[in-house]
Amino acid sequence: MSIRLANISKAFGNTKVLSNISVEIEPGEFFVMVGPSGSGKSTLLRMIAGLASVTEGRIYFNERDVTDLPSKDRKLAMVFQNYALLPFMNVAQNVRFGLENQDLSDDEKTERVEWALNLVHMADLSDRKPKELSGGQQQRVSLARALATKAPVVLMDEPLSNLDAQLRTEMREEIARLHREIGMTLIYVTHDQVEAMTMGDRILVLNDEKIQQLGTPLDLYNHPANEFVAKFIGSPEMNLLPITVNDEGDRFSIGDAFWTDNAFVLPFDLPAGSYHLGIRPEKLVPVSIANPDTITAKVKSLQQLGNDTLIFCDYDGQSLVSRVPEQFTVAVGAELNLLLPASADEWHLFNVDDGEQIVAAPEEGAATYGA
Ligand code: ADP
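Below you can see the structure in the form of C-alpha cells.
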C-alpha cells in the first residue's frame with residue numbers, strides 16, 4: 001500500500017508541531033522517520049494511524065483519502081515502545097487478541113497466531129504470560145500480534161527503545177528480516193540515527209516543524225542538506241569549521257578572516273566570503289609530517305574503541321574530532337598534524353546564515369586541491 005501525506009500540518013492549540021509535511025511512501029518500503037525528541041515524529045505517525053486528528057492537509061492510502069477514516073478502518077497494525085500486552089493473557093492469546101476485529105474463522109485465527117509466533121521465534125513460549133518473558137521476548141510478541149493481522153501497513157513507534165543495547169542490535173536485524181520476508185509497508189519512528197541508518201530504505205529527518213531532508217541513508221550521510229542533518233546523522237558528529245575564502249576565490253583560511261600566511265588551497269573555485277566547512281571525522285586524517293595542507297591541532301583526549309580511535313583535538317579554539325580506523329596512540333597535549341580533505345566530495349559547505357548546504361560543483365579548469 002502506498003501512503004501519501006499532502007501538506008500535513010499539526011497544531012496543539014496555538015502550538016505548531018508540524019508544518020507542510022508532504023511525502024510519498026512507496027508500497028513495501030521500509031520508511032524511517034527520525035528526529036530529536038519533540039520533533040513531532042509520534043504525532044505524524046499517530047495521524048497516519050488515525051489516532052490523532054490532522055489540523056491541515058490530507059492523507060491518502062493508495063490514493064484513497066483516509067484523512068477522516070477511523071483508525072480501525074485503515075488496515076494497519078501498530079507496534080509501540082511499551083509493547084502494550086495484556087498481562088492476564090498468555091502469548092498466544094495476546095497475539096490472537098489482535099485479530100479480534102477480523103472476520104476470520106477460529107481455525108484461521110489459530111493458524112495466523114502460529115504463523116506469526118513462528119516468524120518471531122516465539123512458538124515455544126506461547127503459554128507464557130507477559131511477566132514471564134524478557135523485554136525482548138515481550139517485544140517479539142507485540143511484533144507477532146501486528147504481523148498476525150497481515151495488515152499491509154505496519155507502524156512502529158520507537159519499538160526498541162526499552163531494550164538494552166545488545167538486544168536492540170539483534171532486534172534491528174529481526175525487524176529488517178521480517179520486513180524482507182513479508183514485504184509490508186513499514187513506517188518506523190525512532191530518535192536514534194544509528195537505527196535509522198541501519199534499517200531504513202529511506203529516512204525522513206524531522207526538526208523544527210519541518211522535513212529537514214528525505215533520502216536514502218547514504219544520501220543523508222554523503223550529502224546532508226543542511227547543518228542540522230550534517231550533525232544529526234553520523235557519530236561522532238561532523239566537524240564544522242568557519243572558513244573565509246579570498247577575493248580570488250582559490251584559497252581559504254580557517255576563521256572569520258583571510259590571512260595570506262595561513263591559507264590553504266581550495267579543492268574547487270568558490271566565491272569570496274565566509275562559509276562553514278564540514279568534514280567527517282574519518283576524513284580528517286592524522287599525518288606524521290606537517291605540510292601545506294595540514295593543520296596542527298592539540299590533542300585533548302582519546303577514545304580507543306578497539307577497531308577505531310577517536311582523537312578529540314583543539315584547533316585555535318575549535319573542537320575537532322578525527323576518527324582513525326585502527327588502534328592509534330598519541331599523547332594527550334601533543335600536537336597532531338591533520339590533513340584537510342583534498343577531494344571536493346569530502347567537503348561539505350554550508351551557508352553561514354541559514355546552515356543550508358552549498359552545492360559547489362567543481363568547475364572545469366578549477367584549481368585542484370594541493371596543486
Ligand atoms: P516526538 O515523537 O518527535 O518526540 P511528539 O510527536 O511526541 O514528538 O511531540 C511533538 C510535540 O507535540 C511536543 O512538543 C509535544 O509536547 C507536543 N504534543 C504531543 N502530543 C500532544 C498533545 N496530545 N497535546 C499537546 N501537545 C502535544
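So the sequence shown is numbered by UniProt numbering: it starts at 1 and just counts up by one.
We put the beta carbon where it would ideally sit given N, CA and C, even for glycine.
Computed from a prediction, not measured in an experiment: that's the story for all the values here.
Report yes if the CB atom of residue i is closer than 8 Å to the CB atom of residue j, and no otherwise.
i: residue 224; j: residue 233; result: yes
i: residue 61; j: residue 201; result: no
i: residue 76; j: residue 176; result: no
i: residue 338; j: residue 265; result: no
i: residue 10; j: residue 33; result: no
i: residue 246; j: residue 257; result: no
i: residue 56; j: residue 14; result: no
i: residue 119; j: residue 186; result: no
i: residue 308; j: residue 325; result: yes
i: residue 222; j: residue 356; result: no
i: residue 69; j: residue 98; result: no
i: residue 295; j: residue 302; result: no
i: residue 347; j: residue 267; result: yes
i: residue 140; j: residue 156; result: no
i: residue 144; j: residue 154; result: no
i: residue 138; j: residue 125; result: no
i: residue 35; j: residue 276; result: no
i: residue 252; j: residue 260; result: no
i: residue 314; j: residue 255; result: no
i: residue 149; j: residue 81; result: no
i: residue 235; j: residue 194; result: yes
For the putative contact between residue i and residue j, defined by C-beta atoms under 8 Å, what is the C-beta separation to the nearest angstrom?
i: residue 293; j: residue 269; result: Actually they are not in contact, since the Cβ atoms of residue 293 and residue 269 sit about 17 Å apart, beyond 8 Å.
i: residue 2; j: residue 209; result: Not confirmed; about 25 Å, so no contact.
i: residue 90; j: residue 127; result: 5 Å
i: residue 158; j: residue 189; result: 6 Å
i: residue 28; j: residue 183; result: 5 Å
i: residue 21; j: residue 44; result: 7 Å
i: residue 199; j: residue 172; result: 6 Å
i: residue 332; j: residue 274; result: Contact doesn't hold; Cβ gap of about 32 Å is too wide.
i: residue 335; j: residue 298; result: 6 Å
i: residue 341; j: residue 289; result: Their Cβ separation, rounded to whole angstroms, is 18 Å, which puts residue 341 and residue 289 out of contact at 8 Å.
i: residue 113; j: residue 92; result: 5 Å
i: residue 163; j: residue 135; result: 5 Å
i: residue 85; j: residue 130; result: 4 Å
i: residue 203; j: residue 218; result: 10 Å between Cβ atoms; not a contact.
i: residue 239; j: residue 321; result: 6 Å
i: residue 323; j: residue 281; result: 4 Å
i: residue 40; j: residue 54; result: That pair is no contact at about 13 Å.
i: residue 327; j: residue 304; result: 6 Å
i: residue 4; j: residue 24; result: 5 Å
Taking the continuous alpha helix (DSSP H) assigned at residue i, which residues delimit it?
i: residue 198; result: 193–199
i: residue 41; result: 41–49
i: residue 230; result: 227–232
i: residue 172; result: 165–182
i: residue 108; result: 106–119
Just reading off the beta strand (DSSP E) that residue i is part of, what are its end residues?
i: residue 185; result: 185–190
i: residue 286; result: 285–287
i: residue 297; result: 294–304
i: residue 142; result: Premise fails: residue 142 lies in the alpha helix (DSSP H), 135–148, not in any beta strand (DSSP E).
i: residue 19; result: 15–25
i: residue 157; result: 153–157
i: residue 335; result: 335–339
i: residue 1; result: Segment: none, residue 1 is in no beta strand (DSSP E) and carries neither H nor E.
i: residue 314; result: 309–315
i: residue 210; result: 210–215
i: residue 33; result: 30–34
i: residue 128; result: Looking at the DSSP string, residue 128 is not in any beta strand (DSSP E), and its letter there is neither H nor E.
i: residue 202; result: 202–207
i: residue 280; result: No beta strand (DSSP E) contains residue 280, which DSSP labels as neither H nor E.
i: residue 320; result: 318–324
i: residue 349; result: 348–350
Using a beta-carbon distance below 8 Å, is residue i in contact with chain C?
i: residue 202; result: Of the protein chains in this structure there is only one, and it is not chain C.
Discussion item. Any residue with its C-beta under 5 Å from a non-hydrogen atom of the ligand ADP counts. Can you list them all in chain order?
Written reply: 12, 17, 37, 38, 39, 40, 41, 42, 43
Worksheet entry | Completely contained alpha helix (DSSP H) runs for the region 41–104, where each covers 4 or more residues | 41–49, 91–97
Worksheet item: Which ranges would you report for the beta strand (DSSP E) in the region 218–275 if only whole runs of at least 3 residues count?
Response: 239–245, 251–254
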